[in-house]
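Q: Sharing a structure below in structure tokens format, with a few things to ask.
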Amino acid sequence: MSEPILTEDQRDALQEIANIGMGQAGARLAALLGRFVHLSVPRIRMVDTDTLPSAVRDMLDFTEPVTALRQSFRCDIAGEAISLFDSRSAQHMKFVFRSEEASDEEASNEDMSDAEVLSDVANLIAGACLTGLFEQLEQLPTFTPPRLMGVQLDLEEVLHPSKLPWDRALLLEVNLQTEDGVFGSHLLTLMTAKAVQSLVSALDGFLANL
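In the working numbering, the protein residues as written are 778 to 987.
As structure tokens, this is what we get:
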């Protein structure tokens, strides 16, 4: 079976609806942070396990080790979402979450770990972005809870072929960053060839209804 390839129209449609999903994620994150969140243009490319680290490295706007969380999503189109955070984000988000709960006498976030905070943030970003995307394709995805892959990891450790049970996938990358640099995150969405076949059909349906 030949590898599914997005046409220019399908790629443009995917980028358009990804932008809408990103807008929802950015709005929720901005409300939480109390800061304007800059959103990148979604980037889309086919990658294999050997070239994925270098492809993602080219997209990142930070070069230091990252904290990474991973979760699966499933509807007619299934895949993996990997959230990457720079070193400043965990500390700032922990402060934000404590401030949000400061008025709640029953809150006990003092012992909330960086990983727990970023799990909540990863779930917010991936959930809003991908739900917003797939709703436009008349799909309602479900998500597994984010799983911590590691703290202060090199990108090659996060994206090592042994951790990725496929040879080739469609990569959709988006970046959310505050202008003052206190928060930065990249969301990597990976869909295998089988999932891309379903995605192509859904995009064709979307385009037919325009």
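Note that beta-carbon positions come from the ideal geometry of N, C-alpha and C, so glycine has one too.
Quick one: grab the DSSP three-state call for E883.
A: Counted from its first residue, the sequence shown places residue 883 at position 106. Its pLDDT being 47, under 50, E883 is placed unreliably by the model, and the measurement read from it follows with that caveat. In this structure, E883 counts as coil in the three-state DSSP scheme.
Q: What residue range does the alpha helix (DSSP H) around V818 cover?
A: As a first step, residue 818 is located in the sequence shown; it is residue number 41 there, counting from the start. V818 -> no alpha helix (DSSP H), and no H or E assigned at all.
Q: With which residues is R788 paired in a DSSP beta bridge?
A: By 1-based counting over the sequence shown, the position of residue 788 is 11. Paired residues: none, contrary to the question.
Q: Under a Cβ-count criterion, where at least 16 other Cβ atoms within 10 Å of its own Cβ denotes burial, should P922 be classed as buried or exposed?
A: The residue you call residue 922 lines up with position 145 of the sequence shown. Classification for P922: exposed.
Q: By the three-class DSSP mapping on this structure, what secondary structure does A855 have?
A: As a position in the sequence shown, residue 855 is number 78, starting the count at 1. Reduced to three states, the DSSP call for A855 is coil.
Q: Report yes or no: do three or more beta-carbon pairs, one from the segment 937-947 and one from the segment 862-870, lie closer than 8 angstroms?
A: no
Q: Counting along the chain, where does the alpha helix (DSSP H) carrying G904 start and finish?
A: Mapped onto the sequence shown, residue 904 falls at position 127. Start and end: 891-912.
Q: Which residue wins for smallest C-alpha separation from L965, given the options G927, L907, T919, K971?
A: Along the sequence shown, read from residue 1 onward, the residue named residue 965 stands at position 188. Among G927, L907, T919, K971, the Cα nearest to that of L965 is on L907.
Q: According to DSSP, V824 sits in a beta bridge with which residue or residues?
A: Looking up residue 824 in the sequence shown gives position 47. In the DSSP output, where bridge partners are listed per residue, V824 has A946.
Q: My output table needs one value for V928: the three-state DSSP class, helix, strand or coil.
A: Here residue 928 is taken as the residue at index 151 of the sequence shown, counted from 1. DSSP places V928 in strand when its eight states are reduced to three.
Q: Tell me the residue span of the alpha helix (DSSP H) that contains L829.
A: On the sequence shown, position 52 is the one that residue 829 refers to. Start and end: 829-836.
Q: Thinking C-alpha only, which one of L901, A845, N952 is nearest L932?
A: The sequence position of residue 932 within the sequence shown is 155, counting from 1. Among L901, A845, N952, the Cα nearest to that of L932 is on A845.
Q: Assuming D897 and S975 make a contact with CB atoms under 8 angstroms, what is their CB distance in whole Å?
A: Within the sequence shown, the letter at position 120 stands for residue 897. Within the sequence shown, the letter at position 198 stands for residue 975. Wrong, their Cβ atoms sit about 29 angstroms apart, outside the cutoff.
Q: Please classify F960 as buried or exposed, where buried requires at least 16 other C-beta atoms within 10 Å of its C-beta.
A: On the sequence shown, position 183 is the one that residue 960 refers to. F960 is buried by the Cβ-count criterion.
Q: Helix, strand or coil for F872 per DSSP?
A: For the purposes of this step, residue 872 is taken as residue 95 along the sequence shown, with counting starting at 1. Residue state for F872 is assigned as helix, using DSSP reduced to three classes.
Q: Taking the alpha carbon of Q868 as the point to measure from, which residue in Q848, V894, R851 has its own alpha carbon closest?
A: Position 91 of the sequence shown holds residue 868. Ranking the options by Cα distance to Q868, first place goes to V894.
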